[in-house]
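One structure is given here, and the rest of the page talks about it.
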Amino acid sequence: MRYGFLLILLGISGVASAQLPDSVVSRYRQRGFFLATNRAEPPFRAYKLGENGSLTIGGESSAVYYLDLQGRIIPGSPFDADSRDFDAQGYALVKKNNRAGMINQQGHQVLPFQYEELVPLHHPRQWLAARINGRWGVLDATGQLVVQPVYDEVKPFSEGMAAVKQGAKWGFIGEDGQEKIRPTYAYIWQDFSEGFAAVSTVDDHSVGFITPQNQAITAFTYAYPLCLNRDNAHFRDVAPYYRFHRGFALVRNKRCEIGVLNTRGQEVLPLRFHRVAFTDSTIVGYRGKQQQVYRLPH
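Using mature numbering (1 follows the signal peptide of the UniProt record, and there is no 0), the letters of the sequence shown map in sequence onto residues -18 to -1, 1 to 280.
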């Protein structure tokens, strides 16, 4: 069976792509719709084509429709352009007249269209971040507020903790909705990974690691500079600094030199390298023609 790759044009909010059989794509095009979905099963997210079969960006053509397997429009469509795909539980976060709500696969409202924004939080009980009167709180799966809208930002959960911003400071809430770490940090550089989060106390040059109990395992002396990548001459170095993986994390100083920490906060490779490579048994730091090898414990 041949497959067609679908990609909506740039300029429409909520862009998505999927691989679906050509026969499915053709069926919906014949009905006047362009599919824009990550799903392999209906309901499919789609945009309406113009009279000549073209997709026009902006205006009514940016409205989102949801279609069943036969190409029939689900009740309630169309929705605003930034409405999302259906999730694995069969619900979609949608917008109508710039108000966010939730529908099921039959198009029935599960959450009313009364929120400024609704965002998934990757919570085990399907909690959502909700913006109400410009501030963010958290809803449970029934739409009840479990965290009052007192935050300026709420990030998705990672290892049972979600970063929250209040004023200019960041902290964390737990999966019970309670504040576990009071907002005192200047920024959260990396969410919790293998039990540690990277935070800064003052600016980009005061980064350190904390535990879920807010215990620091390092001094706040590392940096998060914008560095020239010496290997490919790109200004954005996208290596996952400050995120623990297999018990180790890459760190940097103000001079963009790289080191490696273990989960005890010890530098197993000092901050002096231009490049670091991981193998199954070693971590190797490179600086010009020099190199230093750290052998992983068995």
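Cβ atoms here follow ideal geometry from the backbone N, Cα and C, with glycine treated the same way.
- A contact is defined here as three or more CB-CB pairs under 8 Å, and the region 253 to 266 meets this definition with respect to the region 234 to 241.
- For a cut-off of 8 Å, the C-beta gap from F174 to M143 is around 5 Å, short enough to register as a contact.
- Out of H280, L75, V242, the CA that lies nearest to the CA of H90 is found in L75.
- I170 sits close to V181, with the two beta carbons spaced by under 8 Å.
- DSSP places S263 in the coil class of the three-state scheme, outside both helix and strand.
- Residue range 4 to 12 is occupied by the alpha helix (DSSP H) that includes D4.
- In this structure, the alpha-carbon of W152 lies about 46 Å from that of V6.
- Under the three-state reduction of DSSP output, S44 falls in the helix class.
- If you draw a straight line from the Cα of F61 to the Cα of L93, it is about 15 Å long.
- For I240, the uninterrupted beta strand (DSSP E) segment begins and ends at 240 to 244.
- Taking the C-beta atoms as reference points, V132 is found no nearer than 8 Å to V120.
- The Cβ atoms of S188 and F178 lie no closer than 8 Å to each other.
- Of the candidates E141, K77, R81, the residue whose Cα lies closest to the Cα of L103 is E141.
- Straight across, the Cα-Cα distance linking G72 with R21 is about 11 Å.
- Our two residues, V275 and P165, have alpha carbons roughly 39 Å apart in a direct line.
- Membership of Y276 in the beta strand (DSSP E) is indicated by the continuous run 272 to 277.
- Beta bridge pairing from DSSP links F191 with A180.
- Here A45 is near K30, since their CB atoms are less than 8 Å apart.
- Close CB contacts of V233 within its chain, under the 6 Å cut and outside five residues either way in sequence, are with Y204, G241, L243 (chain order).
- Nearest Cα to F26 within the set E33, F16, P222: F16.
- For Y268, the secondary structure class from DSSP, reduced to helix, strand or coil, is strand.
- For Y167, the uninterrupted beta strand (DSSP E) segment begins and ends at 161 to 167.
- DSSP, read as helix, strand or coil, puts Q172 in strand.
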